[in-house]
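Note that full-length UniProt numbering numbers the sequence shown so that position 100 is 100, with each residue one more than the last.
I have placed the structure first, in the form of structure tokens, so that the comments after it can refer back to it.
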Amino acid sequence: MVLQGQELIDVAVIVVRYFGGTKLGTGGLVRAYSDALNGVVAISELFVYQKEEMRKVSFEYSAVRLVEYECEKLAITIVEKRFDLQVEYLLKAPKENLDKLCLVISLNCISHIPHR
1 MVLQGQELID VAVIVVRYFG GTKLGTGGLV RAYSDALNGV VAISELFVYQ KEEMRKVSFE
61 YSAVRLVEYE CEKLAITIVE KRFDLQVEYL LKAPKENLDK LCLVISLNCI SHIPHR
């Protein structure tokens, strides 16, 4: 109930009990475990879950600075860089951010080839 009350998903919690007695009873054990979990949640750094995808984009050398600036601004991770006739980056980020970057590339470059 603690995790549901905090609206947390994809969480695993392990509570180790050193006292093996039965003096707490069922209700006492539930309270003890709930208190332990509340304490952990209170001091935890929580992250918002965002589904990410990978995408390859190709662009001209003249756009490298622009693309890297936009990647930083949009919190896009550059996983791999390849330099050939054009520059090709393998990127990882939420779909919306990748779509925004591809729009920037298409508006600022003569040629671009976004791959899926």
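The C-beta atom is built at its ideal place from N, Cα and C for all residues, glycine as well.
For clarity, every value in this text was computed on a predicted model and none was experimentally measured.
Item                                                                                                      : Value
Simplified DSSP state of Arg17, which is helix, strand or coil                                            : coil
Pairwise C-alpha distance: Asp99 and Lys51                                                                : 14 Å
Beta-carbon spacing of Cys109, Glu68 below 8 Å                                                            : no
Residue of Arg31, Gln6, Met1 and Leu103 minimising C-alpha distance to Val48                              : Gln6
Buried versus exposed call for Leu101 [16 or more other C-beta atoms within 10 Å across all chains shown] : buried
Supposed close pair Lys92, Met54 - CB separation, criterion 8 Å                                           : 5 Å
Cβ distance (whole Å) where Leu3 is taken to contact Val11 below 8 Å                                      : 6 Å
Val79 vs Leu90 beta-carbon contact at 8 Å                                                                 : yes
Whole-angstrom distance between Leu46 and Ala32, CA atom to CA atom                                       : 23 Å
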